[in-house]
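Read the structure below first, then the notes.
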Amino acid sequence: MSQSFCPACQLPLLWQLGGYYCAHCQNKFVKEAFCEDCGHLLERLNACGADNYFCPHCNVLKSKSRARITFRIAAADSQKNSGNPSSSA
Numbered sequence: 023m024s025q026s027f028c029p030a031c032q033l034p035l036l037w038q039l040g041g042y043y044c045a046h047c048q049n050k051f052v053k054e055a056f057c058e059d060c061g062h063l064l065e066r067l068n069a070c071g072a073d074n075y076f077c078p079h080c081n082v083l084k085s086k087s088r089a090r091i092t093f094r095i096a097a098a099d100s101q102k103n104s105g106n107p108s109s110s111a
């Protein structure tokens, strides 16, 4: 298994509560895979312990080596509601 690194600080990401987390930046990250051929987001397929990807745009099964893996900051529920006060005046 290869190590995943924070895109901001380049330190190793930790696997916590079903997601990636950077202890230094204190951000949660989502792992995404993109097609090297067309650039569209790939669907992850996991069968018999092997990870593969499917490109719905190319309509082709892709191996992990043919996917461009990126990490983006996960949207937090608290950030979504921070600008919406719940009380009405």
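Using this note's numbering, the first residue of the sequence shown is number 23, and each one after it goes up by one. Backbone N, C-alpha and C define an ideal beta-carbon position, used for all residues, glycine too. Small disclaimer: the values here were computed from a predicted structure and weren't measured.
Of the residues the options, the one placed nearest residue i, counting alpha carbons only
i, options, result
"Cys77", "Pro34, Glu58, Cys47, His46", "Glu58"
"Leu33", "Gly40, Ser24, Cys44", "Cys44"
"Pro29", "Lys53, Trp37, Leu39", "Lys53"
"Cys60", "Arg94, Ala72, Cys80, Gly41", "Cys80"
"Ala97", "Leu36, Gly41, Leu35, Leu83", "Gly41"
For residue i: DSSP bridge partner residues
i, result
"Ala30", "Ala30 pairs with nothing; no bridge assigned."
"Ala89", "Cys57"
"Gly41", "Gln38"
"Leu83", "Phe76"
"Ala96", "In DSSP, Ala96 forms no bridge with anything."
Sequence-distant residues of its chain with Cβ nearer than 6 Å to residue i (five each side left out)
i, result
"Ala55", "Leu64, Tyr75, Ala89, Ile91"
"Lys86", "Asp73"
"Cys12", "Lying before the first or after the last residue shown, residue 12 is absent from the chain, which here runs from 23 to 111."
Same chain, Cβ closer than 8 Å to residue i, five either side skipped, listed in chain order
i, result
"His62", "Phe56, Cys77, Pro78, His79, Cys80"
"Trp37", "Tyr43"
### Message
Assess contact between the stretch 62-80 and the stretch 31-51, defined as three or more Cβ pairs (one per stretch) separated by less than 8 Å. Is contact present?
### Response
no
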